[in-house]
Amino acid sequence: MSSPDNNEALNEDSESARSLDFIRTKVKGETDSGKWDGRVVTRFPPEPNGYLHIGHAKSICLNFGIAQEFGGTCHLRFDDTNPTKEEQEYIDAIKEDIQWLGFDWGENEFYASDYFNQLYEWAIELIKKGKAYVCELTGEQTREYRGTLTEPGKNSPYRDRSIEENLDLFERMKAGEFEDGSKTLRAKIDMASPNMNMRDPVLYRILRATHHRSGDKWCIYPMYDYTHGQSDSIEKITHSLCTLEFENHRPLYNWFLDALEIYHPEQTEFARLNLNYTLTSKRKLLQLVEDGHVAGWDDPRMSTIRGFRRRGYTPASIRELCHKVGVAKFNGVTDIKLLEHCIREDLNKNAQRVMAVLKPLKVVIENYPEDQVEQMDAVNNPEDDSAGTRKVPFTRELYIEQDDFMEDPPKKFFRLGPGREVRLRYGYLITCNDFVKDDQGNVIELRCSYDPETRGGNAPDGRKVKGTIHWVSASEAATAEVRLYDHLFTKENPSKEKKGKVFTDYINPDSLEVIEQCFVEPSLKEANVGDRFQFERLGYFCVDPDSSDGSLVFNRTVSLKDSWAKMQNKK
Ligand code: ATP
Ligand code: MG
0 MSSPDNNEAL
10 NEDSESARSL
20 DFIRTKVKGE
30 TDSGKWDGRV
40 VTRFPPEPNG
50 YLHIGHAKSI
60 CLNFGIAQEF
70 GGTCHLRFDD
80 TNPTKEEQEY
90 IDAIKEDIQW
100 LGFDWGENEF
110 YASDYFNQLY
120 EWAIELIKKG
130 KAYVCELTGE
140 QTREYRGTLT
150 EPGKNSPYRD
160 RSIEENLDLF
170 ERMKAGEFED
180 GSKTLRAKID
190 MASPNMNMRD
200 PVLYRILRAT
210 HHRSGDKWCI
220 YPMYDYTHGQ
230 SDSIEKITHS
240 LCTLEFENHR
250 PLYNWFLDAL
260 EIYHPEQTEF
270 ARLNLNYTLT
280 SKRKLLQLVE
290 DGHVAGWDDP
300 RMSTIRGFRR
310 RGYTPASIRE
320 LCHKVGVAKF
330 NGVTDIKLLE
340 HCIREDLNKN
350 AQRVMAVLKP
360 LKVVIENYPE
370 DQVEQMDAVN
380 NPEDDSAGTR
390 KVPFTRELYI
400 EQDDFMEDPP
410 KKFFRLGPGR
420 EVRLRYGYLI
430 TCNDFVKDDQ
440 GNVIELRCSY
450 DPETRGGNAP
460 DGRKVKGTIH
470 WVSASEAATA
480 EVRLYDHLFT
490 KENPSKEKKG
500 KVFTDYINPD
510 SLEVIEQCFV
520 EPSLKEANVG
530 DRFQFERLGY
540 FCVDPDSSDG
550 SLVFNRTVSL
560 KDSWAKMQNK
570 K
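Residues in the sequence shown are numbered consecutively from 0, following numbering that gives the first Met the number 0.
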């Protein structure tokens with residue numbers, strides 16, 4: 000069964016009409032010329048040290064997208080070289096999130112840790128070729144010897160060991176004879192290289208840590224840089240697509256492939272996705288979770304795929320964001336309004352309309368019979384005729400929004416005020432005759448009358464009533480908790496930490512507002528976790544997993560106002 004999440008909500012048929020980005024242009028050129036014998040093999044290579052965030056979605060859409068478009072395959076490979084930070088929980092979550100986004104790696108699930116034997120053999124080969132040596136500098140000394148961007152490094156005193164000695168020491172490193180951190184295996188490249196990555200990088204470290212897959216088999220672990228490129232080579236990847244920060248690593252990856260004389264994928268870099276008011280760093284997201292700034296990885300304020308999902312974002316909207324952002328070589332920051340625009344476009348077409356009152360004000364219709372319940376016809380989605388209609392009960396006592404009444408309204412306020420008439424959507428025209436206040440002077444009840452001739456909302460005499468407001472029946476409504484969200488950070492770029500500040504100083508104290516008792520139309524009693532709705536006039540909402548039998552919790556995904564679309568129209 001296909002999940003409703005994966006409907007092709009957005010205009011993806013126009014995809015072919017979109018112009019090719021520079022990577023697709025390259026891939027097309029190479030497939031046309033037969034460069035890779037017609038093969039297109041990409042990979043998405045996460046480190047399983049956290050949950051995926053919105054930035055990863057760009058890489059996922061690019062790698063899986065290219066494979067789909069060119070009839071190739073995309074591997075899911077976990078670059079799991081750091082056992083102290085990696086967990087099975089993250090692997091499971093990453094897989095689920097990729098599937099939720101609508102992509103499938105089929106049989107092609109790989110782990111760099113499955114290549115540990117091969118990588119070890121290759122390390123021995125590098126030693127035999129005189130291209131790697133065992134070094135005994137401490138971490139601090141290694142940094143000192145490395146030099147800086149403006150100064151060349153110095154050769155390690157262990158650099159010129161004999162091949163035999165290196166082979167012996169490396170073998171004994173593996174056998175567990177030495178303490179953690181006491182020795183490393185390093186490539187012998189060039190300590191004066193202007194590219195710091197080429198200054199005899201560490202290939203192996205001694206680390207007694209249990210790996211989530213290889214257990215305690217190894218006490219030496221290969222470094223990420225030594226692993227990543229060769230893993231691509233082993234998998235016969237054609238196009239290794241990396242974010243820009245790996246541009247400086249490419250010469251090193253190439254050096255390994257050339258030194259080992261093995262299959263050579265081609266690396267191309269593209270710009271990361273950055274969204275304002277949002278973090279795209281697993282380390283920082285982990286800190287938010289661990290320090291309790293948010294309720295978990297799936298907190299609807301988090302920029303994780305989980306967070307967006309729980310908030311009510313659809314996979315299609317996230318894919319559409321990635322399309323709209325495109326693939327380029329320059330780093331920029333994308334306005335979060337663009338993502339909000341994408342989800343509104345999707346939900347506008349696909350979300351059922353319902354009525355809900357978040358800040359209730361009671362309305363008593365004095366001339367309406369006490370026990371009468373009328374079932375009014377309401378349109379489920381004006382954008383989609385096939386969505387049909389539903390019944391909404393109308394009764395003598397209703398709730399409307401507090402904001403829809405003013406004791407002393409200005410002329411242009413087309414909602415309720417003393418003596419004013421308004422249309423209740425799908426209901427009747429009502430007129431406010433009086434109101435009741437509590438001891439503090441708050442208006443707590445409106446006394447109104449309805450015009451029985453106006454069922455459905457139109458006056459037979461043709462009189463104009465400008466305002467239309469939403470409502471729910473007080474006796475028939477379901478109650479619900481509603482959670483409203485704002486940006487998690489007060490600053491556009493929370494990662495840019497001003498002197499003496501850290502990014503958590505920029506957390507928005509008002510990012511979550513919980514309204515414990517709202518009223519929603521009774522049709523929502525049937526709603527399931529994950530269902531999405533437009534609450535008329537209020538925004539798009541999604542049923543939260545905290546809901547249980549008889550208690551509904553909604554997250555506001557996004558409000559109705561589309562400031563991004565507005566900006567575009569002004570241009
Ligand atoms: P983080 O900085 O959050 O830890 P990472 O790059 O270390 O991210 P990986 O698990 O290594 O995380 O990422 C897997 C893939 O996703 C890599 O190919 C990486 O380049 C890509 N990626 C990570 N962040 C982004 C981003 N913001 N935009 C596009 N691609 C990204
Ligand atoms: Mg990384």
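From the three backbone atoms N, C-alpha and C, an ideal C-beta is built for every residue, glycine too.
key: Buried or exposed (CB count within 10 angstroms, at least 16 for buried), A191   = exposed
ask   = Is it buried or exposed for R142, if we count other Cβ within 10 angstroms and need 16 for buried?
value = exposed
request  = Could you please give the first and the last residue of the uninterrupted alpha helix (DSSP H) stretch that includes M375?
outcome  = No alpha helix (DSSP H) holds M375; the beta strand (DSSP E) holding it covers E373 to V378.
inquiry  = Using C-beta distances below 8 Å, list every residue in its chain close to H580, excluding the 5 sequence neighbours before and after it, in chain order.
reply    = In the structure as shown, the chain starts at 0 and stops at 570, and residue 580 therefore has no counterpart that could be examined.
query = If you run the structure through DSSP and keep just helix, strand and coil, what is Y449?
reply = strand
query = What is the residue span of the beta strand (DSSP E) that R185 lies within?
reply = T183 to A186
inquiry  = Just to check my reading of the structure: T226 and E265 have Cβ atoms closer than 8 Å, yes? What is that Cβ distance to the nearest angstrom?
reply    = That belief does not hold up - the Cβ atoms of T226 and E265 are roughly 18 Å apart, past 8 Å.
task = Specify the secondary structure class of H227 as computed by DSSP and reduced to three states.
result = In the three-state reduction of the DSSP assignment, H227 falls in the helix class, which pools H, G and I.
ask   = In the DSSP assignment, what residue or residues form a beta bridge with F115?
value = None, per the DSSP bridge assignment.
ask   = Mind checking whether V201 and L168 have CB atoms under 8 Å apart?
value = no
ask   = For K182 versus E139, is the C-beta spacing smaller than 8 Å?
value = no
query = Is the region 522-531 touching the region 498-511, taking contact as three or more C-beta pairs under 8 Å?
reply = no
query = Should I468 and R389 be called a contact, given that it needs their Cβ atoms to be closer than 8 Å?
reply = no
ask   = Distance, Cα to Cα, P151 vs R198?
value = Approximately 9 Å, taken between the alpha carbons.
query = Is the closest heavy atom of ligand 1 to the C-beta of G291 under 7 Å?
reply = no
query = What's the C-alpha gap between I126 and R249?
reply = 21 Å
message = Out of R454, L423, G418 and K336, which one is the CA nearest neighbour of T556?
response = For the set R454, L423, G418 and K336, the Cα lying nearest the Cα of T556 is the one of K336.
task = Please specify which runs of the alpha helix (DSSP H), each continuous and at least 4 residues long, are wholly inside the region 51-118, giving them in chain order.
result = 53-68 and 87-99
request  = Quick one: grab the DSSP three-state call for N347.
outcome  = helix
query = V501: buried (16+ other C-beta within 10 angstroms of its C-beta) or exposed?
reply = exposed
query = Whose beta carbon lies closer than 5 Å to any heavy atom of ligand 1, going through the chain in order?
reply = P45, E46, G54, H55, K57, S58, T242, R271, L272, T279, S280 and K281
task = Drop a sphere of 10 angstroms on the beta-carbon of P44, count the other beta-carbons inside from all chains shown, and report buried for 16 or more, exposed for fewer.
result = The residue is buried, with at least 16 neighbouring Cβ atoms inside 10 Å.
request  = Could you give the DSSP three-state label for Q516: helix, strand or coil?
outcome  = Residue state, collapsed to three classes: strand.
task = Using 10 angstroms around the beta-carbon of P221, count the other beta-carbons present and answer buried if the total reaches 16, otherwise exposed.
result = By the 10 Å Cβ count, P221 comes out buried.
ask   = Given K57, which residues of its chain have a CB within under 6 Å of its CB, disregarding the five upstream and five downstream residues?
value = L272 and C321
ask   = In chain order, what residues of the same chain lie with their CB nearer than 6 Å to the CB of L338, ignoring the 5 residues before and after it?
value = L320
Minimum C-alpha distance to D305 - residue among G64, Y89 and D20 = Inspection of the sequence shows that residue 305 is occupied by Arg rather than by Asp. When only C-alpha atoms are compared, the closest one is Y89.
ask   = If you count every other CB in all the chains shown that lies within 10 Å of the CB of G440, and 16 or more means buried, which is it?
value = By the 10 Å Cβ count, G440 comes out exposed.
request  = Under the assumption that A458 contacts F518 (Cβ atoms under 8 Å), give the Cβ distance between them as a whole number of angstroms.
outcome  = Rounded, the Cβ-Cβ distance is 27 Å, inconsistent with contact.
task = Determine the closest residue to R531 out of E108, D403, H52 and T313, with distance taken between C-alpha atoms.
result = R531 has its Cα closest to that of T313, out of E108, D403, H52 and T313.
query = Roughly how far, in whole angstroms, is the beta-carbon of R212 from the beta-carbon of D383, given that I think they are within contact range, below 8 Å?
reply = Not quite, the Cβ-Cβ distance comes to about 47 Å (not below 8 Å), so this is no contact.
key: Proximity of L360 and V442 at Cβ, strictly below 8 Å   = yes
request  = Count the other C-beta atoms from every protein chain shown that fall within 10 angstroms of the C-beta of G331, then say buried if there are 16 or more, exposed otherwise.
outcome  = exposed
request  = Within its chain, find whatever has a CB closer than 8 Å to the CB of F329; leave out the 5 residues flanking it on each side and keep chain order.
outcome  = A270
task = Scan the region 132-192 and note each continuous alpha helix (DSSP H) run of 4 residues or more that stays entirely inside, going in chain order.
result = 138-145 and 162-174
Segment limits, alpha helix (DSSP H) that includes N253 = R249 to L259
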